[in-house]
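Visitor: Here it is: the structure, laid out below.
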Amino acid sequence: MYITEETMYTEYCSRLPFVFNTRRRFEHFGRNNELTMISQFPMIESSKSQTQTQIRNTLLEKLSAEERSTLFPSMELIEFSTKETVYSPRQPLNHAYFPDTCVMSMITVLDDGSEIEAATVGNEGMIGIPLLLGANQMPSKVVCQISGTAWRISAEELLKAIEEHPALLSSLKKYAQALFDLLAQSTACNRLHTIEQRCARWLLSTHDRIEGDTFFLTHEFLATMLGVRRPGVSLVAKSLQDSGLVSYKHGKMTVRDRNGLEGVSCECYAAVRDSFGRHN
């Protein structure tokens with residue numbers, strides 16, 4: 027009996043040791059804004075290969091062995107650097123991304139160039155929900171918020187896999203509903219809550235998606251995410267630091283008192299967290 031590449035892929039995917047942590051380790055690669063392909067999903071050859079391909083994205087983690095064997099041969103592990111643009115508004119949606127160790131931001135851009143974050147997407151989700159609705163453009167700007175890796179698959183291959191496995195579509199739709207809940211909650215939050223509350227919520231949401239307590243962050247980037255002026259963010263960051271909730275030095279934010287930060291945050295943080303729990 028000849029062992030084909032397809033057979034090896036199927037066998038590998040069925041035995042893949044999935045690993046999911048609620049918090050991912052932050053690594054700032056410090057490279058220029060170029061998309062870098064790290065590797066295609068490799069066949070099992072050594073313990074090193076297994077370590078390199080442990081899946082941290084929970085949407086991929088939940089797939090059946092059959093679904094994995096369909097999807098993974100078409101997926102590539104991509105490295106993103108902080109602030110790297112993944113999609114521009116109305117850009118053709120040629121690929122879907124499943125963040126693994128990176129964190130991405132969906133950003134609404136107005137005609138005057140003003141920007142505000144609409145949603146944060148980490149290893150709990152995906153970039154490319156419009157594909158599930160029959161659209162072929164990304165309506166918002168997508169940038170890498172925390173550097174790391176993401177699994178990439180072409181739109182064509184993803185839609186083909188969904189057609190073959192209806193359960194996969196059901197799983198992605200559940201995530202889409204949670205994302206829509208997040209977008210609705212963010213609309214109210216941006217209108218009704220203080221900068222300090224929103225800042226605390228944003229820091230908590232990012233903290234949930236990394237391993238460890240420290241991540242790269244500038245006041246300028248945080249101001250863009252919150253849709254406010256930088257001086258306002260600087261004042262809030264100083265207040266949080268003076269209260270012992272966070273520390274900030276050389277562009278690195280460290281969460282010191284998570285419970286205290288939750289106390290400062292508005293109700294929206296818990297509401298979004300609970301929504302993802304319900305649709306999980």
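Sequential numbering of the sequence shown, starting at 27, is according to the numbering used here. Backbone N, C-alpha and C fix where the C-beta goes; we use that ideal spot for every residue, glycine too.
#1: Looking at the unbroken beta strand (DSSP E) that takes in S291, where does it start and where does it end?
#2: Count the other C-beta atoms from every protein chain shown that fall within 10 angstroms of the C-beta of A210, then say buried if there are 16 or more, exposed otherwise.
#3: Are the CB atoms of G148 and R284 within a distance shorter than 8 Å?
#4: Are there three or more Cβ pairs, one per stretch, closer than 8 Å when the stretch 162 to 173 is compared with the stretch 236 to 245?
#5: On the three-pair Cβ rule with 8 Å, is the stretch 257 to 272 touching the stretch 186 to 200?
#6: Can you tell me whether R227 is helix, strand or coil according to DSSP?
#7: So the candidates are L86, F302, A91 and R82; which of them puts its Cα closest to the Cα of Q203?
#8: Compute the Euclidean distance between the alpha carbons of G180 and V169, then round it to the nearest angstrom.
#9: Thinking C-alpha only, which one of L248, A187, Y274 and L86 is nearest S131?
#10: Kindly examine the ligand SAM and report whether one of its heavy atoms sits closer than 7 Å to the Cβ of R235.
#11: Compare the beta carbon distance of L136 and L157 with 8 Å and say whether it is the shorter of the two.
#12: Just to confirm my understanding: we take M251, look at its own chain, exclude 5 residues before and 5 after, and list those with CB closer than 7 Å. What are they?
#13: Would you mind stating whether R82 and T146 have Cβ atoms separated by less than 8 Å?
#14: Rounded C-beta distance between S197 and L85? I'm assuming under 8 Å.
#15: Excluding the 5 residues preceding and the 5 following P118 in the sequence, name in chain order all residues of the same chain whose CB lies nearer than 7 Å to its CB.
#16: Could you check the C-alpha separation between V298 and E92 for me, to the nearest Å?
#17: Pull the bridge partners of A161 from the DSSP assignment, please.
#18: Within 10 Å of its beta-carbon, does R116 have 16 or more other beta-carbons around it, so buried, or fewer, so exposed?
#19: For R50, count the other beta carbons within 10 Å of its own beta carbon; 16 or more makes it buried, fewer makes it exposed. Which is it?
#20: Kindly indicate which three-state DSSP category M101 falls into: helix, strand or coil?
#21: To which residues of the same chain is R282 closer than 7 Å at the C-beta, ignoring the five residues directly before and after it?
#22: Taking G174 as part of the beta strand (DSSP E), name the residues at either end of that continuous run.
#23: Which whole-angstrom value describes the C-beta separation of Y123 and M152, a residue pair presumed to lie in contact below a C-beta threshold of 8 Å?
#24: Using alpha carbons as the reference points, say which of G154, Q80, E102 and C215 lies closest to K199.
#25: Work out the CA separation of F206 and E87 for me, nearest whole Å.
#26: Find the nearest neighbour of E182 within the set E150, E237 and H121, judged by alpha-carbon distance.
#27: Could you tell me the alpha carbon to alpha carbon distance between L97 and A263, rounded to whole angstroms?
Guide: So, to answer that:
#1: Unbroken run through S291: none, as it is neither H nor E.
#2: A residue is called buried once 16 or more other Cβ atoms fall within 10 Å of its Cβ, and A210, having fewer, is exposed.
#3: With respect to the 8 Å criterion, R284 and G148 are not classified as neighbours on the basis of their beta carbons.
#4: Yes: at least three Cβ pairs fall under 8 Å.
#5: These segments do not touch.
#6: Three-state DSSP puts R227 in a helix.
#7: Out of L86, F302, A91 and R82, the CA that lies nearest to the CA of Q203 is found in F302.
#8: The sequence given here places Ser at residue 180; Gly does not occur at that position. Approximately 18 Å between the Cα atoms of the pair.
#9: Nearest option by C-alpha distance: L248.
#10: The model on display carries no ligand, and the ligand SAM is accordingly not part of it.
#11: Going by beta carbons, L136 and L157 fall outside the 8 Å limit.
#12: Once the five neighbours on either side are set aside, the close Cβ partners of M251 are S131, E143 and W228.
#13: For R82 and T146, no; Cβs fall outside 8 Å.
#14: In this structure, S197 and L85 form a Cβ contact; the two beta carbons are roughly 7 Å apart against a cut-off of 8 Å.
#15: Excluding residues within five positions, the ones whose Cβ falls inside 7 Å are N162 and Q163.
#16: The straight-line gap from Cα to Cα measures roughly 31 Å.
#17: For A161, no pairing in a beta bridge is given by DSSP.
#18: Its Cβ having fewer than 16 others within 10 Å, R116 is exposed.
#19: Caution applies to R50, whose pLDDT of 33 falls short of 50 and renders its modelled position unreliable; the value that the coordinates give is listed next. Flag for R50 reads buried.
#20: M101: coil per DSSP, three-state reduction.
#21: Excluding positions up to five away in sequence, the list reads G270, L271, V272 and S273.
#22: Unbroken beta strand (DSSP E) run through G174: G174 to S180.
#23: Between M152 and Y123 the Cβ distance is about 7 Å, and since that is below 8 Å, they are a contact.
#24: Of the candidates G154, Q80, E102 and C215, the residue whose Cα lies closest to the Cα of K199 is G154.
#25: The C-alpha of E87 lies about 22 Å from the C-alpha of F206.
#26: Closest option to E182, judged by alpha-carbon separation, among E150, E237 and H121: H121.
#27: Their backbone Cα atoms lie some 42 Å apart in a straight line.
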